[in-house]
Amino acid sequence: MSNDKLKDIYETPSGTPDFKTELAAQLSELFPEAIADGKVDVEKLKELLGDDAGDDRERFGLFWAGKKRALRAAQEPTTATLKPDYENSKDWDTTKNVFIEGDNLEVLKILQKHYHGKIKMIYIDPPYNTGKDFVYPDNYREGLATYLEWTRQVNEEGKKVRTNSDSEGRFHSNWLNMMYPRLKLARNLLTQDGVVAVSINDVEVANLKHVMDQVFGSENFVATVVWKNATDNNPTRVAIEHEYIVIYARRIASSSAVWKSSDSAARDLLMSVGADLVREYDDQAELSAAYTNWFREHRSVLGPLDRYKYIDRDGVYTGSQSVHNPGKEGYRYDVIHPVTGKACTQPLLGYRFPEQTMRDLLTEGRVLFGEDETKIIELKVYAKDYKQKFPSVIELDGRLGANELRTLFPGSKKVFTNPKPVSLIREVMSFIVEDGDTVLDFFAGSGTSAHAVMAMNAADGGSRRFIQVQLPEPTPEPSDARSAGLTTISAITRRRIDLAGDQIRAARPELSGGREVSLDVGYRGYTLTDTNFAKWQVSGQVEPSALEQHLLDLRDSADDTAAPDSLLTELLLKQGYSLTEQIRDAEVDGLKLKSVGNGLVLAYLHEHTKPTLQQLRSVLDSPELARFIILEDAFKGDDELKTNLVQEAKTRGVELWTA
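Structure below.
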């Protein structure tokens with residue numbers, strides 16, 4: 221960075237971006253003539269849009285009580301931050317996965333800075349609004365304070381988190397007011413080709429579809445998948461045997477998903493059996509006979525791969541892929557039969573690929589001929605190349621999820637109610653998530669989505685990552701969860717990830733070491749908390765004595781009780797760094813520092829010890845340093861020291877940040 225462009229000093233923002241201001245700024249860039257006195261002139265904007273502007277009197281849309289208030293909840297900045305929870309983490313130094321305990325509305329705001337446009341898939345399984353479901357803290361004015369009061373259980377009025385009874389007058393509105401701001405914030409986190417999938421049932425599926433049309437745009441709707449998960453033998457009226465997964469793309473025109481997946485248990489089975497038989501038999505006739513016997517016995521479990529009944533040295537294959545050109549005239553040329561020496565009968569509309577491609581297929585041995593030239597040729601398709609289409613109906617026993625938890629938690633019949641099966645979430649992810657992608661679940665529940673990510677990585681040696689967010693909702697008393705020492709839902713989530721990771725690692729020990737990227741079954745734990753730095757923002761209802769104390773507290777920028785790691789986490793988040801940065805302790809000329817990214821960032825976070833100018837010069841001379849962070853309190857009011865540091869940093873081309 222050149223010195224003439226280097227700002228003298230950067231100040232870490234006290235909160236998340238003000239989304240109202242950002243939107244207005246974007247509008248001012250697009251329509252400067254619609255901005256008057258720093259405000260958006262809505263009538264002028266309508267005039268500029270012309271026929272593209274909607275008619276307010278009659279238009280299609282979903283409206284409900286509290287919608288504007290819910291939108292403001294998404295737009296309101298937060299001063300909340302995340303605190304490292306080393307005790308409730310696993311493989312902290314090496315993992316790229318994250319688990320966050322806290323209210324997901326606040327967490328989604330915190331994630332905006334770094335994770336904006338970086339999440340490939342969001343999967344959530346929110347409360348279904350059955351009348352008994354848990355509803356998140358809903359006092360939008362208080363925001364973080366409501367959550368903190370609830371978790372500390374000191375609120376005189378009782379817990380703010382409650383169930384949404386169907387006897388209430390705004391039953392559906394309450395649910396939409398919870399979902400709307402979270403979906404608005406979640407959309408910002410998706411990559412341009414990202415996808416969101418939401419599990420839901422009949423109670424709110426129609427409302428969910430409408431609100432997602434508004435948030436994501438109806439043109440980005442992908443599908444409503446039906447999950448047939450049960451058999452109701454004693455229906456009250458109609459036997460309800462299904463749920464839904466509603467899927468939208470961030471921008472469907474940019475979506476890289478081909479909506480086909482190679483993640484298939486039957487495919488893996490055929491590849492494994494085929495490889496074993498190829499190693500055992502050298503003679504092709506013996507190989508074919510052995511596979512034919514196996515195929516007859518196991519065909520019933522192969523599902524859509526029950527046509528793969530042949531084998532050669534390259535593996536199991538089917539010979540049913542057509543060479544026809546669909547719908548229009550294709551390529552015309554002769555393919556000579558190897559026995560009769562005559563040209564084979566051509567498809568009605570010709571071949572679907574050019575002659576050179578056919579020559580390559582013949583050279584590779586991928587063309588299958590009939591007994592003579594009268595039969596149209598077909599192509600070999602190997603099981604290793606099989607990709608299944610995304611089905612609109614998935615049939616999968618819903619009890620599998622509960623059985624999986626019982627396996628992980630022996631002795632407990634039900635630590636979590638109605639968990640989703642890993643295979644369900646894994647199947648949906650397999651069509652969307654590729655190696656290296658990140659999956660976010662901000663209604664983590666029992667942690668099924670994290671389990672699915674780890675299982676996918678174990679299957680193909682990939683490095684997909686997960687971010688899980690879960691409110692510390694108390695588990696019922698008494699319950700199997702309480703008996704197992706799990707007092708909150710977030711405790712269940714963490715324990716499930718721990719146990720599933722251990723199980724997966726034990727099953728695939730070859731992926732746990734000696735690889736460039738080892739199987740990651742760990743996670744960094746964080747908890748939602750209030751800022752570690754003084755805030756100017758106070759409630760309009762604050763008592764005079766409390767306001768006076770607040771102003772006195774502003775003499776110091778940082779909380780005296782905050783640990784350096786907590787301060788650093790907040791600073792990095794607000795400056796746009798991820799939650800999995802590599803952080804080490806460092807020391808330069810007697811100053812104890814935090815090093816981020818192998819020395820690209822150094823931070824001095826000891827506010828009670830003023831460094832000398834020589835020590836600061838030594839820090840700035842660090843070979844890899846690009847950014848230096850120092851607490852404002854560390855200067856102890858020494859403006860000369862601060863001015864000199866600014867000049868020294870500018871001379872060396874180092875960004876200087878304070879907080």
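Counting the sequence shown from 1 gives a position; the numbering used here is that position plus 220. Note that the Cβ used here is the ideal one computed from N, Cα and C, for glycine as well. Only a predicted model underlies this, so the values are computations on that prediction, with no experimental measurement involved.
message = Rounding to the nearest angstrom, what Cα-Cα distance links proline 546 and leucine 568 in this structure?
response = Start at 1 with the first residue of the sequence shown, and residue 546 comes out as number 326. Start at 1 with the first residue of the sequence shown, and residue 568 comes out as number 348. Looking at the two C-alpha atoms, the distance is approximately 10 Å.
query = Just to confirm, are glycine 414 and isoleucine 339 a CB contact at a threshold of 7 Å?
reply = One-based indexing of the sequence shown puts residue 414 at position 194. One-based indexing of the sequence shown puts residue 339 at position 119. Contact flag set, yes.
ask   = With a cut-off of 8 Å, do at least 3 Cβ pairs link the stretch 322-335 to the stretch 669-681?
value = Here the stretch 322-335 makes no contact with the stretch 669-681; the two share fewer than three CB pairs at distances below 8 Å.
message = Does glutamine 795 come out as helix, strand or coil in the three-state DSSP assignment?
response = Here the question's residue 795 lines up with position 575 in the sequence shown. DSSP places glutamine 795 in coil when its eight states are reduced to three.
query = Is the stretch 780-789 close to the stretch 398-407, with three or more CB pairs under 8 Å?
reply = no
contact_flag[the stretch 675-691, the stretch 740-750] where n(CB pairs < 8 Å) is 3 or more = yes
message = Does aspartate 532 come out as helix, strand or coil in the three-state DSSP assignment?
response = To locate residue 532, count along the sequence shown from 1; it is residue 312. In this structure, aspartate 532 counts as strand in the three-state DSSP scheme.
Beta-carbon proximity list for arginine 728, same chain, < 8 Å, skipping 5 on both sides = Residue 728 sits at position 508 when you count from the first residue of the sequence shown. Same-chain partners within the cutoff: Ala678 and Leu739.
ask   = Short check: CB of tyrosine 400 to CB of valine 431, under 7 Å?
value = On the sequence shown, residue 400 is found 180 positions in, with the first residue counted as 1. On the sequence shown, residue 431 is found 211 positions in, with the first residue counted as 1. Cβ distance < 7 Å, so tyrosine 400 and valine 431 count as in contact.
query = Considering only residues of the same chain and omitting the five flanking positions on each side of threonine 666, which have a CB-CB separation below 7 Å?
reply = What you label residue 666 is simply residue 446 of the sequence shown in a count that begins at 1. The residue asked about is misnamed: residue 666 is serine in this sequence, not threonine. Excluding sequence neighbours, serine 666 sits near Leu625, Phe636, Pro639, Ile712, Thr713 and Arg716.
inquiry  = Output needed for valine 192: all residues of its chain with C-beta closer than 7 Å, excluding positions within five of it in sequence on either side, in chain order.
reply    = Because the chain spans 221 through 879 in this model, residue 192 falls outside it and cannot be assessed.
task = Would you identify the three-state DSSP class for lysine 448, choosing helix, strand or coil?
result = Within the sequence shown, numbered from 1, the residue matching residue 448 stands at position 228. Note: lysine 448 maps to strand in three-state DSSP.
message = Please state the DSSP three-state secondary structure of arginine 804.
response = Here the question's residue 804 lines up with position 584 in the sequence shown. Of the three classes helix, strand and coil, the one that applies to arginine 804 here is strand, per DSSP.
Buried versus exposed, by CB contacts within 10 Å (16 or more), glycine 494 = By one-based count along the sequence shown, residue 494 stands at place 274. So glycine 494 ends up on the buried side.
task = Measure the C-alpha to C-alpha separation of histidine 334 and asparagine 440 and round it to an integer number of angstroms.
result = Stepping through the sequence shown from its first residue, residue 334 is reached at position 114. Stepping through the sequence shown from its first residue, residue 440 is reached at position 220. Each residue's Cα considered, the two are about 24 Å apart.
The stretch 446-463 contacting the stretch 501-509, beta-carbon criterion three pairs below 8 Å = Judged by Cβ distances under 8 Å, the stretch 446-463 makes no contact with the stretch 501-509, as fewer than three pairs qualify.
request  = Please classify proline 252: does DSSP put it in a helix, a strand, or coil?
outcome  = Counting from one through the sequence shown, the residue named residue 252 turns up at place 32. Proline 252: helix per DSSP, three-state reduction.
ask   = Under the three-state reduction of DSSP, which class applies to leucine 325: helix, strand or coil?
value = In the sequence shown, residue 325 corresponds to position 105, counting from 1. It is helical.
query = By the 10 Å Cβ neighbour count, where 16 or more other Cβ atoms means buried, how is lysine 379 classified, buried or exposed?
reply = On the sequence shown, position 159 is the one that residue 379 refers to. Caution is warranted here: a pLDDT of 46 is assigned to lysine 379, below 50, making its placement in the model unreliable, and the coordinate value is therefore given only provisionally. With fewer than 16 Cβ atoms within 10 Å of its Cβ, lysine 379 is classed as exposed.
message = Quick check on DSSP: helix, strand or coil for aspartate 661?
response = Taking the first residue of the sequence shown as position 1, residue 661 is located at position 441. Strand, per DSSP.
request  = Can you tell me which of the three DSSP states glycine 539 falls into?
outcome  = Your numbering for residue 539 matches position 319 in the sequence shown. The answer is strand: DSSP assigns glycine 539 an E or B state.
message = Suppose the cutoff is 6 Å on Cβ atoms and the five residues either side in sequence are ignored; what does the same chain contact list for phenylalanine 686 look like?
response = Sequence index remark: in the sequence shown, residue 686 carries index 466 (1-based). The answer, listed in chain order, is Asn317, Val659, Ala670 and Val673.
request  = Starting from histidine 430, trace the alpha helix (DSSP H) both ways and give me its first and last residue.
outcome  = Within the sequence shown, residue 430 is the residue found at index 210, counting from 1. Run containing histidine 430: 425-436, per the alpha helix (DSSP H) assignment.
query = So is proline 524 buried or exposed if we call it buried at 16+ other beta carbons inside 10 Å?
reply = Here residue 524 is taken as the residue at index 304 of the sequence shown, counted from 1. With fewer than 16 other Cβ atoms within 10 Å, it is exposed.
message = Which residue marks the beginning of the beta strand (DSSP E) containing glycine 414, and which one marks its end?
response = Position 194 of the sequence shown holds residue 414. Per DSSP, glycine 414 belongs to the beta strand (DSSP E) from 410-420.
task = Would you tell me roughly how many angstroms separate the C-alpha atoms of tryptophan 514 and leucine 644, rounded to the nearest one?
result = Stepping through the sequence shown from its first residue, residue 514 is reached at position 294. Stepping through the sequence shown from its first residue, residue 644 is reached at position 424. Approximately 28 Å between the Cα atoms of the pair.
query = Can you tell me where the alpha helix (DSSP H) with lysine 814 in it begins and where it stops?
reply = The residue given as residue 814 occupies position 594 in the sequence shown. Note, lysine 814: premise wrong, no alpha helix (DSSP H); beta strand (DSSP E) at 811-816.
ask   = Which of the three DSSP states, helix, strand or coil, is assigned to leucine 231?
value = Taking the first residue of the sequence shown as position 1, residue 231 is located at position 11. Per the sequence presented here, residue 231 reads as glutamate, with leucine not at that position. Reduced to three states, the DSSP call for glutamate 231 is strand.
inquiry  = Within 8 Å, do at least three Cβ pairs link the stretch 839-856 to the stretch 813-822?
reply    = The stretch 813-822 vs the stretch 839-856: in contact.
DSSP three-state assignment for leucine 568, whether helix, strand or coil = Reading the sequence shown from its first residue, position 348 is the one you call residue 568. The answer is coil: DSSP assigns leucine 568 none of H, G, I, E or B.
request  = May I ask you to report which of helix, strand or coil DSSP gives isoleucine 724?
outcome  = By 1-based counting over the sequence shown, the position of residue 724 is 504. It is helical.
task = Grab the span of the alpha helix (DSSP H) containing alanine 486 for me, first residue to last.
result = Indexing the sequence shown from 1 puts residue 486 at position 266. Run containing alanine 486: 485-500, per the alpha helix (DSSP H) assignment.
task = Take the Cβ of isoleucine 709 as the centre, count every other Cβ of all protein chains shown within 10 Å, and call the residue buried at 16 or more, exposed below.
result = Within the sequence shown, the letter at position 489 stands for residue 709. Buried, because 16 or more other Cβ atoms sit within 10 Å of the Cβ of isoleucine 709.
task = Classify histidine 828 as buried or exposed, calling it buried when 16 or more other Cβ atoms lie within 10 Å of its own Cβ.
result = Looking up residue 828 in the sequence shown gives position 608. By the neighbour-count criterion, in which 16 or more other beta carbons inside 10 Å mark a residue as buried, histidine 828 falls on the exposed side.
query = Would threonine 747 pass as a contact of threonine 299 if the rule is Cβ separation under 7 Å?
reply = By 1-based counting over the sequence shown, the position of residue 747 is 527. By 1-based counting over the sequence shown, the position of residue 299 is 79. Cβ atoms of threonine 747 and threonine 299: not closer than 7 Å.
C-alpha distance - glycine 681 paired with aspartate 655, whole-angstrom precision = Here the question's residue 681 lines up with position 461 in the sequence shown. Here the question's residue 655 lines up with position 435 in the sequence shown. About 9 Å.
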